[in-house]
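*Asks:* In this note's numbering, the protein residues as written are 16 to 453.
Even glycine gets a Cβ: it sits at the ideal position worked out from N, Cα and C.
Here it is: the structure, laid out below.
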Ligand code: URA
C-alpha cells in the first residue's frame, strides 16, 4: 500500500477500503510520510466526501490511535452529551449531576474553549481547588460511586485527531462533514459511553451556521455512533443568542450551579433550563431508563426540584477537590470586581446578535483565548440581559461587564454593542429547539 495511490483514489472519488484509511491515519500519526501528503489527502476528502463506511473507518482509525476507557466496569447505563459548542453554553455543568441523580453513569471528558466558544474544563477551573487531572481507573471509580465525574481529555485520547485537526486548521479543511464527524466521534467513543446525545447548534455563534448543514452532520454522527454499537440521539438547538444570561467562566459556573438549587428551575433562565431538561431527558430515554420523553422529563424535573441534582453536584465537585460554599449566594466563586453597565443608546427591538463577536468581547478582557496558549482570566465575564425579540427603551440595561481593568471593559462594551442589531419594528423571538434526529 502507498499513500500516493490512496490520495489519487480519493481525488478520483473512488471509495477507499478501511485498510487504506487506517494506513493513511496510522502512517501520518507515526510520521511515516510528510505533512503535505496528509494535507493533499484531507483536501481530496474535502472535495470528494466520504461514504458512511469510509467515515466509520476514519473514525475507527483515529479512535484506535489512543486510549479507550472501559465503561463496562460501571454498574449502571452510561451516557454522555456532546455539544458542538456555543456562547454561554454551560449545560454540561447541570447535565452531568442531573443525569447522575436520574441513575445514569456519566464519565465526561471535556475540553478547553478557543475563540468565541467556551470550554467546560475552563469553567470548572474557575472553582477553587477543582482537579481536572485524574487517571482512568480512579476517574471511572468516582463515576461509579457518584454517578458523574468530569476531567480533562488527556493527550492519549484519539491523538491522531489532535494532529489531523491541527493540519485541517491550516489547510482549509475544517468545514468537511466526514472529517468533523470522525474528529468528534473518535473522542466521544474513546470515553466509552453506551448512549451519546448530541446538542447540535446552529446560528451566529455556532460551528454549523444553518439547519441544513447541521442535519447533514447529524446524519453522519448518528451513523458512526450506531456503527460502533452506541445509542444515539441529536437535538438541534439555536445558537443565535447566548444560552442563559452569562458568558465567562466563574460567571457561567455560578449561573449553572445556582440554577440547580431546588426551587430555581422555575426562576433560572428558561432557555438554559429547557435545553438542559431536554438533553438529560433524551439521555434517560435513549439509555432505556424511562420509556418515553414525558416520563423522562418528569424524572429529570423531580431530580432537579427535590435537590437531588444539586446534592449530586456538590458531592462530585467536592470529590474532585473543588471548594464550593452552598450557603453563600456566590457559592464562593470569584467574579471580577469592576461592574461596567452597558445601556441602550436608542430605543428599538433587539432583532439579532452576532454571537461570535459577543464571545470575542469576552476575549477582549482576557476571558477567552484567541490562541491555544493564551492565559485566561477566569473571573472576567458578561451578564447579558435582553433576548432577541425584546423591546428596549433608551437607557435600558443591556449588559453588565465584569472586569479587572476599566479600559478593557470599555473595549469589550464597544464590541458587544457592535454585535447587536436593533430594528424599529417588532422583532421575531427565536425558537430554541429546532428539531431532533436519531
Ligand atoms: N469539534 C471537533 O472536535 N472537531 C471538529 O472537527 C469540529 C468540532
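Determine, using beta carbons only, whether residue 58 and residue 197 come nearer to each other than 7 Å.
*Replies:* The count along the chain shown starts at 1 and reaches residue 58 at position 43. The count along the chain shown starts at 1 and reaches residue 197 at position 182. No.
*Asks:* Should residue 386 go down as buried or exposed, given a rule of 16 or more other Cβ atoms within 10 Å for buried?
*Replies:* Locating residue 386 in the chain shown gives position 371, where the first residue counts as 1. Exposed.
*Asks:* Pull every residue with its beta-carbon under 5 Å away from any heavy atom of the ligand URA, and keep them in chain order.
*Replies:* That gives 195, 198 and 199.
*Asks:* Give me the Cα-Cα distance between residue 234 and residue 422, rounded to the nearest whole angstrom.
*Replies:* Locating residue 234 in the chain shown gives position 219, counting from the first residue. Locating residue 422 in the chain shown gives position 407, counting from the first residue. So the alpha carbons of these two residues sit roughly 46 Å apart.
*Asks:* With 16 as the cutoff for other CB atoms within 10 Å, does residue 151 come out buried or exposed?
*Replies:* Counted from its first residue, the chain shown places residue 151 at position 136. When all chains shown are included, residue 151 counts as buried.
*Asks:* Looking only at its own chain, which residues have a Cβ that is under 6 Å from the Cβ of residue 319, when we skip the five neighbours before and after it?
*Replies:* To locate residue 319, count along the chain shown from 1; it is residue 304. Answer for residue 319: 280, listed in chain order.
*Asks:* Can you give the beta carbon distance from residue 452 to residue 237, rounded, assuming they're within the 8 Å contact cut?
*Replies:* Stepping through the chain shown from its first residue, residue 452 is reached at position 437. Stepping through the chain shown from its first residue, residue 237 is reached at position 222. Indeed they touch by this definition, with Cβ atoms about 6 Å apart.
*Asks:* Starting from the Cα of residue 190, find the closest Cα among 222, 208 and 130 and give me that residue.
*Replies:* To locate residue 190, count along the chain shown from 1; it is residue 175. Of the candidates 222, 208 and 130, the one whose C-alpha sits nearest the C-alpha of residue 190 is 222.
*Asks:* Is the beta carbon of residue 356 less than 7 Å from the beta carbon of residue 415?
*Replies:* If you number the chain shown from 1, residue 356 lands on position 341. If you number the chain shown from 1, residue 415 lands on position 400. Yes, these two residues count as a Cβ contact at 7 Å.
*Asks:* Do residue 298 and residue 115 have their C-beta atoms within less than 7 Å of each other?
*Replies:* As a position in the chain shown, residue 298 is number 283, starting the count at 1. As a position in the chain shown, residue 115 is number 100, starting the count at 1. Result no, Cβ atoms of residue 298 and residue 115 do not sit closer than 7 Å.
*Asks:* Can you grab the Cα-Cα spacing for the pair residue 346 / residue 269, in whole Å?
*Replies:* If you number the chain shown from 1, residue 346 lands on position 331. If you number the chain shown from 1, residue 269 lands on position 254. Each residue's Cα considered, the two are about 7 Å apart.
*Asks:* With DSSP run on the structure shown, which of helix, strand or coil describes residue 246?
*Replies:* Position 231 of the chain shown, counted from the first residue, corresponds to residue 246. If DSSP states are grouped into helix, strand and coil, residue 246 belongs with the strands.
*Asks:* DSSP state of residue 95, grouped into three classes?
*Replies:* Against the chain shown, residue 95 aligns to sequence position 80. DSSP places residue 95 in strand when its eight states are reduced to three.
*Asks:* Locate the beta strand (DSSP E) running through residue 178, then write down its first and last residues.
*Replies:* As a first step, residue 178 is located in the chain shown; it is residue number 163 there, counting from the start. No beta strand (DSSP E) contains residue 178, which is instead part of the alpha helix (DSSP H) from 174–184.
*Asks:* In angstroms with no decimal places, state the Cα-to-Cα distance between residue 181 and residue 389.
*Replies:* Along the chain shown, read from residue 1 onward, the residue named residue 181 stands at position 166. Along the chain shown, read from residue 1 onward, the residue named residue 389 stands at position 374. Going from the Cα of residue 181 to the Cα of residue 389 covers about 17 Å.
*Asks:* Less than 7 Å between C-beta atoms, sequence neighbours within five positions excluded: which residues of the same chain meet that for residue 188?
*Replies:* Reading the chain shown from its first residue, position 173 is the one you call residue 188. Cβ neighbours of residue 188 beyond the five flanking positions: 57, 58, 61 and 194.
*Asks:* Looking only at its own chain, which residues have a Cβ that is under 6 Å from the Cβ of residue 2, when we skip the five neighbours before and after it?
*Replies:* The structure shown has nothing for residue 2, since the chain only spans 16 to 453.
*Asks:* Should the segment 278–296 be called in touch with the segment 197–211, which here means at least 3 C-beta pairs below 8 Å?
*Replies:* The segment 278–296, when compared against the segment 197–211, does not touch it at the 8 Å Cβ threshold.
*Asks:* Which residue comes first and which comes last in the alpha helix (DSSP H) that contains residue 351?
*Replies:* Translated into the one-based positions of the chain shown, residue 351 becomes position 336. Where residue 351 is concerned, there is no enclosing alpha helix (DSSP H), given that its DSSP letter is neither H nor E.
*Asks:* In terms of residue numbering, what span does the alpha helix (DSSP H) encompassing residue 208 cover?
*Replies:* Sequence index remark: in the chain shown, residue 208 carries index 193 (1-based). It is not in any alpha helix (DSSP H) - residue 208 carries neither H nor E in the DSSP assignment.
*Asks:* Could you tell me which of 144, 266, 211 and 75 sits nearest to residue 175, measuring between CA atoms?
*Replies:* Counting from one through the chain shown, the residue named residue 175 turns up at place 160. That would be 75, whose Cα lies nearest to the Cα of residue 175.
*Asks:* Which one of 53, 25, 272 and 117 has the shortest CA to CA distance from residue 304?
*Replies:* Here residue 304 refers to the residue found at position 289 of the chain shown. The option with the nearest alpha carbon to residue 304 is 117.
*Asks:* Starting from the N-terminal side, write out each stretch of the alpha helix (DSSP H) that is 4 residues or longer and does not extend beyond the segment 305–347.
*Replies:* Listed in chain order, the complete alpha helix (DSSP H) runs (minimum 4 residues) inside the segment 305–347 are 308–320 and 323–334.
*Asks:* Please determine, among 274, 312 and 177, the residue with the shortest C-alpha to C-alpha distance to residue 6.
*Replies:* The structure shown does not extend to residue 6, since the chain is modelled only from 16 to 453, so the question has no answer here.
*Asks:* Buried or exposed for residue 45, going by 16 or more other Cβ atoms inside 10 Å?
*Replies:* Counting from one through the chain shown, the residue named residue 45 turns up at place 30. Flag for residue 45 reads exposed.
*Asks:* Taking only the alpha-carbon atoms, compute the straight-line gap between residue 41 and residue 80 and give it to the nearest angstrom.
*Replies:* One-based indexing of the chain shown puts residue 41 at position 26. One-based indexing of the chain shown puts residue 80 at position 65. Residue 41 and residue 80: Cα-Cα distance of roughly 7 Å.
*Asks:* Okay, do the segment 358–366 and the segment 313–328 touch, 3+ Cβ pairs below 8 Å being the bar?
*Replies:* Because the criterion of three Cβ pairs below 8 Å is not met, the segment 358–366 and the segment 313–328 do not touch.
*Asks:* Within the continuous beta strand (DSSP E) that includes residue 123, where are the two ends?
*Replies:* Within the chain shown, the letter at position 108 stands for residue 123. From DSSP, the beta strand (DSSP E) with residue 123 extends over 121–125.
*Asks:* From the DSSP output, which residues share a beta bridge with residue 399?
*Replies:* What you label residue 399 is simply residue 384 of the chain shown in a count that begins at 1. Paired residues: 414.
*Asks:* Quick one: Cα of residue 1 to Cα of residue 260, how far?
*Replies:* In the structure as shown, the chain begins at 16 and stops at 453. Residue 1 is therefore absent and cannot be evaluated.
*Asks:* Restricting to Cα atoms, I'd like to know which of 146, 85 and 444 is closest to residue 172.
*Replies:* As a first step, residue 172 is located in the chain shown; it is residue number 157 there, counting from the start. Per the Cα distances, 85.
*Asks:* Residues in the same chain with beta-carbon distance under 7 Å from residue 148, minus the five sequence neighbours each way, listed in chain order, please.
*Replies:* Stepping through the chain shown from its first residue, residue 148 is reached at position 133. Hits under 7 Å: 166 and 167.
*Asks:* Going by Cα to Cα distance, which pick from 393, 441, 440 and 377 is closest to residue 432?
*Replies:* The residue labelled residue 432 in the question sits at position 417 within the chain shown. Answer by Cα proximity: 377.
*Asks:* What's the C-alpha gap between residue 412 and residue 443?
*Replies:* If you number the chain shown from 1, residue 412 lands on position 397. If you number the chain shown from 1, residue 443 lands on position 428. Taking the straight line from one Cα to the other gives about 20 Å.
*Asks:* What's the gap between the Cα of residue 326 and the Cα of residue 272?
*Replies:* Here residue 326 is taken as the residue at index 311 of the chain shown, counted from 1. Here residue 272 is taken as the residue at index 257 of the chain shown, counted from 1. Going from the Cα of residue 326 to the Cα of residue 272 covers about 11 Å.
*Asks:* Check the C-beta distance from residue 161 over to residue 334 and give it rounded, since I have them as a contact under 8 Å.
*Replies:* For the purposes of this step, residue 161 is taken as residue 146 along the chain shown, with counting starting at 1. For the purposes of this step, residue 334 is taken as residue 319 along the chain shown, with counting starting at 1. That pair is a contact at about 6 Å.
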